[in-house]
Amino acid sequence: MFAIKSLTDYLFGKGDQENVADISQGQLYIVRPLSPKGYSELIFKDSAAYIRRTGQQFHYQLVIQRAYEEGEEELLDDEGAEAGTVATLDNKDERTFQLDEHLHFRVDLKENGEVVLAWRDLSGDEGDLFEFVCDESTRPETATTFEVVATQCQFERKYRRSHQYATEGDLKEFDFDDEPEIPTASPVASPALSPNSQALTELRDATPSKPTPKAIMARDSTKKPATPAKAVQQTPTKAPAPRTVPTATETLADEEAELHLFDFASGTFVLQDESVQAIVTGTGNWTYWLQITGEKHQWLGQQVTPDINPVFNFEYLSFIFNHYAEDGSAYSWLLKFKDRETEEKFQEGLMQALWEHLNEAKWGKTIKDAERDYVLDAFNDLVIEDEADDAREREAAEEDEEEDEFEDAQDRRSEPDFDSDEEEDDPVNLDEDGNVNSQLAVGANVDRSFVVRGNKIGVFKHTEDNKLEFNTSINNVANMKGKKFAPSKVMLHAQDRNMVLQNPDDPNSVYRMDLEVGKVVDEWKVHDDIPINIFAPENKFAQTTGEQTFLGLSKNALYRVDPRLSGNKLVDAELKQYTSKNDFSAAATTEKGYIAVASNKGDIRMFDRLGINAKTALPALGDPIIGLDVSADGRWVLATTRTYLLLIDAEQKEGSKYAGKLGFEKPFSKDHKPQPRRLGLTPQHIAQFQHETGAPLSFTPARFNTGEGKDESTIITATGPFIVTWSLKKVLAGRKDPYHIKRYAEEVKADNFRYNSDKNIVVALPNEVDMVRRTALQRPTRESIMATPRRAAAGRGSYLGRNEIVNSPY
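So that you can map any letter, position 364 of the sequence shown is 364 in the UniProt record's numbering, and since no number is skipped, the others follow by simple counting.
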């Protein structure tokens, strides 16, 4: 097999794309080297080869489709009708073959530069082959890629699982290069062609009256043979030099495994060592070390931190993680264990190390058995194991493709033409003070988005064709004494007529901006001794109503803020204050006003009302939670950490004392804690992201799409220049491709869905604001990750620059 080229460009392409690989020009022959007839038959003189998805998961077809010149199809039909013959071997314009190992599919680069695809004719005699002779314009690497895509498709069909975890050794099973040499397909005309059809073909090739497409021109037999083509060789990823191993004070795990390294060029894990020891040790002061050692080689060492992004997959007996060299370069490694028991022992040792590092407490003494399972489950890669789930996954995939096709069609119909030059407008320069966009608030009652930039707020209108149009801006945000400040947090309030602002220099107060006059009109002091670090709406849709109260949190207290009170605005009767420092970091509410609160310790509390103890407290994973959202009905809780998201089902299941109730309403029993779903990028994609950007993973607070009467269907976040969305349906179905991405030229500062829709996303970049269709996001592939970064496409109207800052109200 040729050098492997990236396949994920194809198999993880757009979900609504029928063909996953193609070669656009060539001729199809059937060759019978052992037949007494001793000839080859030309089936299609001008055709294209495709690898095509089918309606059944893990099944693909090899398709050869005939191409016609203008008028040729009609003429052949007439000739065939008159002569009572057929124009091709079986009167079809398309040949399809089930793509599996029985075809012995392979590719050959001949010495004269000709590229040939060959596979067995399973309905013919022994030795009979179909050969697709590629047009001379076909690049060798195109055929190479086609072959490897075919190999991965065969792997999926045989093992009924994604090729994503297939190693180079696994794919070798479908390498048939040891077959007899592919015989030359002679350009002798097929005996099945009628005399009239054959005459038509010869006449067409000889007639100079109009230009003849290159795809159907006969090869020039007098041309000097080309230099033998070589497959494009890409430098394989090499392991970095190992680091010095620190002195160990204890050993938490020591297990044998195979070691594989993710190769950026091929998009596969490549075997490095068949037998290594994976060792997790403590090195003192709550630090831990992962060391991979072979018999002859120290492969790598890495401190155990959240940045390793550990993913365990017990179906494949594998553990995938990231490793960072001293220069900051990211690599993705895979350990493959001999059995489940070995992997479980290694998992517990590694997760103990990570948990103790984050919590600075001993795993066995602090965490209970049920909580330990909760922590371990969060880092398992959920898999599909039964046929019913397979069927649900296929159904979900088909529905997604239909929905995407419908949405694309709707968007194309509603989207007017615009000047293409507008898309390439250069951004306006930064303000002289160096400010950039930092906060985003999306209106619910008004079709506006508000973007904070220093002490200014830009207002952008949502147009009917789903674009943004610069409307106005509010300049010189200042407190009641006229002192300017840059809001560090904002929240739309009271039917979008007001905006609540946080001044980082005044921790005990918030400010009300009247958006109809464009200035701060009130200071709401919460309490003399209790700061307001976080605020959240009274309920999920309070923003759309005239509700005046809202929630406030300090590091160890939560309470209600009522601006109608005289003096301090904190409602004393609805204050819940903890003596310990809980370090609260985020809060969210449901439609009924149930409250979820998270902390920098990584724990989550659920309340049905203020002023009482939490009904449910979920264990801390240890990673600080920087964002929190809840579905309107309270079923789903979504937490964001720097390197992953957590999706938690708050509904209690059968067998529980309170089955059917939410964790907000009744506590989970110790034996029925919810199983968290860890949503993250694969370690391979993380390594590719960092390889491209040079920056570590850092998610923005993730959110569901929101709208009254609308079910949550999509999750959005961003890291660096990438927007990332997860399909909730795909996540719950256990799909391996649940997220899509879009790359921008600059870091994404803030993002959210347009209210009442999951189709359009508002994106704030440092100097631009964009509205992008969700269907414009792509599956993460080497191509989409490396895609040329784009600027926002909504034109100058989306830029918030120095010359557009005016002191006019919205």
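Backbone N, C-alpha and C fix where the C-beta goes; we use that ideal spot for every residue, glycine too. Nothing here was measured: the structure is a model prediction, and the numbers come from that model.
Measuring alpha carbon to alpha carbon, tell me which of the options ends up nearest residue i.
i: Pro236; options: Glu255, Phe269, Pro683; result: Phe269
i: Thr589; options: Lys657, Ala248, Gly634, Ser162; result: Gly634
i: Ala617; options: Leu610, Cys153, Lys670, Met606; result: Met606
i: Asn498; options: Glu523, Lys484, Lys481, Phe485; result: Glu523
i: Leu621; options: Phe44, Gly301, Asn600; result: Asn600
i: Ser473; options: Arg453, Ser488, Ile785, His462; result: Arg453
i: Gly611; options: Gln439, Ala750, Arg560; result: Arg560
i: Gln25; options: Glu712, Glu114, Phe97, Gly55; result: Glu114
i: Val724; options: Arg743, Asp711, Lys730, Glu712; result: Arg743
i: Gly244; options: Asn539, Ala325, Asn756, Thr714; result: The sequence as given places Thr at residue 244; Gly does not occur at that position. Cα-wise, what sits closest to Thr244 is Ala325.
i: Ala143; options: Leu261, Asp93, Thr54, Ile23; result: Ile23
i: Gln778; options: Ala745, Glu746, Val763, Pro738; result: Pro738
i: Tyr50; options: Arg95, Tyr29, Lys729; result: Arg95
i: Asp108; options: Arg66, Ala67, Asp178; result: Asp178
From residue i to residue j, what distance separates their C-alpha atoms?
i: Asn19; j: Leu62; result: 10 Å
i: Gln652; j: Val490; result: 34 Å
i: Asp327; j: Glu464; result: 48 Å
i: Pro33; j: Asp128; result: 7 Å
i: Lys223; j: Cys134; result: Bear in mind that a pLDDT of 32 at Lys223, under 50, signals an unreliable position, so the number given afterwards is only what the model happens to contain. Looking at the two C-alpha atoms, the distance is approximately 17 Å.
i: Phe58; j: Ala478; result: 60 Å
i: Gln347; j: Leu171; result: 27 Å
i: Asp377; j: Phe704; result: 23 Å
i: Ala199; j: Leu42; result: Summary for Ala199: the model assigns pLDDT 33, below 50, so the residue's position carries little reliability; its value from the coordinates is reported in the next sentence. So the two alpha carbons sit approximately 15 Å from each other.
i: Pro187; j: Arg735; result: Residue confidence for Pro187 is low, a pLDDT of 49 falling below 50, so the modelled location carries little weight and cannot support an answer.
i: Lys110; j: Val116; result: 8 Å
i: Arg677; j: Ser40; result: 57 Å
i: Leu89; j: Lys45; result: With a pLDDT of 39 at Leu89, under the threshold of 50, the predicted position of this residue should be treated as unreliable, though the coordinate-derived value follows. Computed Cα separation, rounded: 12 Å.
i: Pro683; j: Ser332; result: 6 Å
i: Pro624; j: Glu156; result: 38 Å
i: Ser784; j: Ile741; result: 8 Å
i: Glu70; j: Val31; result: In this prediction, Glu70 has a pLDDT of 49, which is less than 50 and means its spatial position is unreliable; nothing more can be read from the coordinates.
i: Arg305; j: Tyr374; result: Inspection of the sequence shows that residue 305 is occupied by Thr rather than by Arg. Their Cα atoms are separated by approximately 19 Å.
i: Leu103; j: Glu371; result: 51 Å
i: Val521; j: Lys484; result: 14 Å
i: Gln303; j: Met786; result: 28 Å
i: Gly720; j: His691; result: 12 Å
i: Tyr511; j: Asn475; result: 16 Å
i: Asn359; j: Ile604; result: 15 Å
i: Gln56; j: Asn613; result: 50 Å
i: Lys467; j: Val772; result: 8 Å
i: Gly284; j: Ala486; result: 42 Å
i: Phe664; j: Val459; result: 36 Å
i: Val280; j: Trp355; result: 13 Å
i: Ala695; j: Phe689; result: 8 Å
i: Asp751; j: Ala764; result: 6 Å
i: Ile648; j: Ser137; result: 53 Å
i: Glu181; j: Leu679; result: 48 Å
i: Val311; j: Val446; result: 42 Å
i: Val451; j: Val748; result: 13 Å
My understanding is that residue i touches residue j, with C-beta atoms under 8 Å, so please give their C-beta distance in whole angstroms.
i: Asn455; j: Pro766; result: The Cβ separation is near 16 Å, so there is no contact.
i: Val597; j: Phe584; result: 6 Å
i: Asn309; j: Thr643; result: 6 Å
i: Thr549; j: Asp562; result: 5 Å
i: Phe753; j: Ile716; result: 6 Å
i: Asp100; j: Gln152; result: With 8 Å as the limit, Asp100 and Gln152 do not qualify as a contact, their Cβ atoms being about 12 Å apart.
i: His672; j: Gly655; result: 7 Å
i: Gly294; j: Tyr288; result: Wrong, their Cβ atoms sit about 21 Å apart, outside the cutoff.
i: Phe699; j: Thr640; result: 5 Å
Point to revise | At least 3 beta-carbon pairs within less than 8 Å: the region 507–520 vs the region 530–547 | key: Yes, the region 507–520 touches the region 530–547.
Check your understanding: Should the region 245–259 be regarded as contacting the region 148–158, the criterion being three or more beta carbon pairs within less than 8 Å?
Key -> With a cut-off of 8 Å, the region 148–158 and the region 245–259 do not count as touching, because too few Cβ pairs lie within range.
Practice item. Counting only runs of 4+ residues fully inside the region 687–726, write out the alpha helix (DSSP H) ranges in chain order. Key: With a minimum length of 4 residues, there is no unbroken run of alpha helix (DSSP H) contained wholly in the region 687–726.
Review point. Does the region 338–355 touch the region 310–317, meaning 3 or more C-beta pairs lie closer than 8 Å?
Key: A contact exists between the region 310–317 and the region 338–355.
**Study point:** At least three beta-carbon pairs within less than 8 Å, the region 256–275 to the region 160–168
**Key:** Yes, they touch.
**Study point:** Uninterrupted beta strand (DSSP E) stretches inside the UniProt domain "Vid27 PH-like" (250–357) (no shorter than 3 residues)
**Key:** Complete beta strand (DSSP E) runs here, min 3: 250–263, 268–284, 287–294, 298–303, 311–313, 318–324, 330–336.
Exercise for review: Identify every run of the beta strand (DSSP E) within the region 520–566, keeping only runs that are complete inside it and at least 3 residues long; order them along the chain.
Suggested key: Runs found: 534–537, 550–553, 557–561.
Practice item. Would you list, in sequence order, the uninterrupted beta strand (DSSP E) runs of no fewer than 3 residues that lie entirely inside the region 635–674? Key: Unbroken beta strand (DSSP E) stretches of 3 residues or longer found wholly inside the region 635–674: 636–640, 645–649, given in chain order.
Exercise for review: Entirely within the region 471–501 and at least 3 residues each: give me those beta strand (DSSP E) ranges in chain order.
Suggested key: Whole beta strand (DSSP E) segments, 3+ residues: 489–493.
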